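In the UniProt record's numbering, the protein residues as written are 1 to 615.
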C-alpha cells in the first residue's frame, strides 16, 4: 500500500457500494458462512470414514453443540498459564539469537548504506522498515508451526490435557505467548532502528564568513563545506540568521554567533525537513482531449507498462483538470498562500534539450461561475515540486473593475468549496502524466515519529496474523508441512490483491472483464467450438450459464479473502515517500486482523479438539 492507492473512509471500506464493491463487512460474512459450511462438510466426511454415516451426523452435531459452553468456560488463569509456558518455550529455543543477528547487521549496515546518495532518507527508511519485519516474521513462523507438533510428538501435551486444560485454552495460550514474544522483539528492533536512522543521517557543515558575498536585499550568499557527499548554497538574512537550500532531501538552518572568529561565526544546525509526514487533500481528476472538448476519466496511454499515470498531449488544448472540494481559508499558510504539490511524470517523444525540463502552465478556475486566473508557467521537475499559490491572482479576463481574483472568495464555490486546477503541457510532441493522487493540496506536515509508529503497528498486525496461521496449520499438520503452509500463505498475501482483482473484474465489470466467461461458459464454448470473442447469442440458457459463472466469481472473491492481503498492512510506501498514514488505514487493518482472529481461533479450536491427542 502506497501513495498511489485510493484511501477510502472507514464507512466506505466497510459498507457495500452497488456496482463497485461488496464492502469489508459483507465480504467477511460471506467468507464466514462459506468457512462454516466447508467445515461442516469436511468434518462430516472425516467422521463418515471413522465412524460410519449414521454416527457421523451425531458426532459433528455433538461437537458443534459442546463447543458453545466450552468456549464460554475459558479460564483466564489457565490461559495465562499456557501463555507463560509459551513464552518460556520461546526463550528456551534461544529467540535472543535473533537479537544478536539483528544487532550484528545493524552495526555493519552503516558501512554499506551510502549517506551521500541522492535520496539518503529513502535508502535508510527502506532498510529499517524492511529488514526487521522479515526477521521477526521468520522468527514467529518458526515458533508457531513447530510448537504443537513437537508437544504432541513428545507427549507433553497429554499431561496438560489431564489437568484439565481445554483445547481452546491451549490454542489461546500459545497464541498470546508467541504474540507477546514477537511484540517484544519487534518493539526493541523498532527502537534500535529509529536510533540508527537518526544517528546515521546526522551531519553538519561549516561556513567561513570571509567566503560570503553580498546578495539581493542585504543578504549574504555563499556555500557550505562538503559533508556526506554534498554541500548547500547559503543565504544569510539581514537579521543575522539564515538557511540553506534543499539538497539530498534536507536543508539546514543557520545561527549567528556575534563576536566569534570568521570560521565560527555562522553555526550550521542539524538537518531539517528530512523526515516528513505530509497530509494530502486529494481531489478528483478528469482529462480533456487535444481539442479541449471531450472529457474522460483517463488520458492518453503512451505505452508504459505501469498504467497508473494518464498523459495529456503538449501543444494542444488537452488538459488535466483536478477538482478539490472543501477548500477553505484554513488551508492557507501563515503567508496567505495555498501549498500545492505537483508530482508530474514526463514522456518525451523526442529528446529536446535534455538538461531542461518540459514546460507547461496551470491556472485555477471556479467550476460554477467560470472565473479563472491567468496561466502560471512552470517546468515539470519529475519529482515532488511544492508550489505556494498566492491568495490574490491576476484575472484572466481584462476587467478594470476586477483585475485580480481572490483564491477563496472568487475561485472557490460557496456551497461545497470546489476549486479546479487546470494543468497543460505547452511543448508539442511532449506529454505530461498525472494521476488522482499526484497533484494535491498540502494540508499539514505531522509528526514523523507517529508515522513511524503507525508503520510498525502495521508490521505488528502481520506478526499476529502469521503466528495465528502458523498455529492453525500446526493443529492438523506436522511441523515441516505447517512451515510450508505458512510460507505459502505469506507468499499468497503478496499477490492477493491481483487475485481479488480478477474476481472484481468479473463481478463489477472493471477493466477488461472476464473474456470467455467462467467454467460453465467455457465448457459451452468448448463444445460449440466458439472462441472467446464470439457472442453466444441472446438466449435464456446463456443467462443461466452466466448466472452460474457469476456465482462462481462470488465464491472466488470470498475464498481469496479467507487468506489475508499482507500488502494492506505494508505502509512503508507512505513513510518512505514522506506522507502521513491516514488513521482510516490503521483502523481498516485492525478490523481485518480482528476478523481473521475470530475465524482462525475457531478453526484452530475445532482442529485441536478433533485431534486424537491422547491416543
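Even glycine gets a Cβ: it sits at the ideal position worked out from N, Cα and C.
Only a predicted model underlies this, so the values are computations on that prediction, with no experimental measurement involved.
- Runs of beta strand (DSSP E) with 3 or more residues, each lying fully within the segment 203-259, are found at 220-223, 233-236, 242-244 and 251-256, listed in chain order.
- In terms of Cα proximity to residue 451, the closest of 278, 397 and 394 is 278.
- The C-beta of residue 397 has fewer than 16 other C-beta atoms within 10 Å across all chains shown, which makes the residue exposed.
- Nearest in C-alpha terms to residue 313, of all of 347, 334 and 283, is 347.
- Ranked by Cα distance from residue 473, the first of 129, 38, 120 and 142 is 142.
- Under the rule that a run must span 3 or more residues, no beta strand (DSSP E) segment is found entirely inside the segment 126-177.
- Under a 10 Å Cβ-count criterion, residue 580 is classified as buried, with 16 or more other Cβ atoms of the shown protein chains found around its own Cβ.
- The three-state secondary structure of residue 288, taken from DSSP, is strand.
- Put simply, the segment 528-538 does not touch the segment 460-468. Fewer than three CB pairs are less than 8 Å apart.
- In the displayed model, residue 547 falls within a helix according to three-state DSSP.
- Taking a cut-off of 8 Å on C-beta distances, the segment 342-357 does not touch the segment 321-330, as fewer than three cross pairs fall below it.
- Distance from the Cα of residue 419 is smallest, within the candidate group 527, 445, 377 and 368, for 368.
- Excluding residues up to 5 positions away in sequence, 135, 139 and 185 lie with their Cβ nearer than 7 Å to the Cβ of residue 98 in the same chain.
- Beta-bridge analysis with DSSP links residue 361 to 377 and 424.
- When secondary structure is reduced to three states using DSSP, residue 302 falls in the coil class, being assigned neither helix nor strand.
- Listed in chain order, the non-local C-beta contacts of residue 48 below 7 Å within the same chain comprise 56, local neighbours out to five positions each way being set aside.
- Closest option to residue 384, judged by alpha-carbon separation, among 287, 440, 604 and 447: 440.
- Within the DSSP secondary-structure output, residue 402 pairs in no beta bridge.
- Rounded to whole angstroms, the Cβ separation of residue 127 and residue 276 is 18 Å, and the two are not in contact under 8 Å.
- C-alpha of residue 147 to C-alpha of residue 570: approximately 27 Å in a straight line.
- Nearest C-alpha to residue 438 among 309, 486, 494 and 394: 309.
- Bridge partners of residue 271 according to DSSP: 252.
- Residue 527 counts as exposed, since fewer than 16 other beta carbons sit within 10 angstroms of its beta carbon.
- The beta carbons of residue 471 and residue 174 sit about 6 Å from each other, so the pair counts as a contact at 8 Å.
- In terms of Cβ geometry, residue 207 and residue 183 do not form a close pair [threshold 8 Å].
- Residue 77 has its alpha-carbon roughly 31 Å from the corresponding atom of residue 43.
- Distances from the alpha-carbon of residue 211 to those of 236, 600, 53 and 532 put 236 closest.
- Residue 219 is positioned such that its CB atom lies no closer than 8 Å to that of residue 232.
- Secondary structure note for residue 443: its beta strand (DSSP E) is the uninterrupted segment 439-445.
- Collapsing the DSSP output to three states places residue 367 in coil.
- With the rule of 3 Cβ pairs closer than 8 Å, the segment 19-31 counts as touching the segment 588-606.
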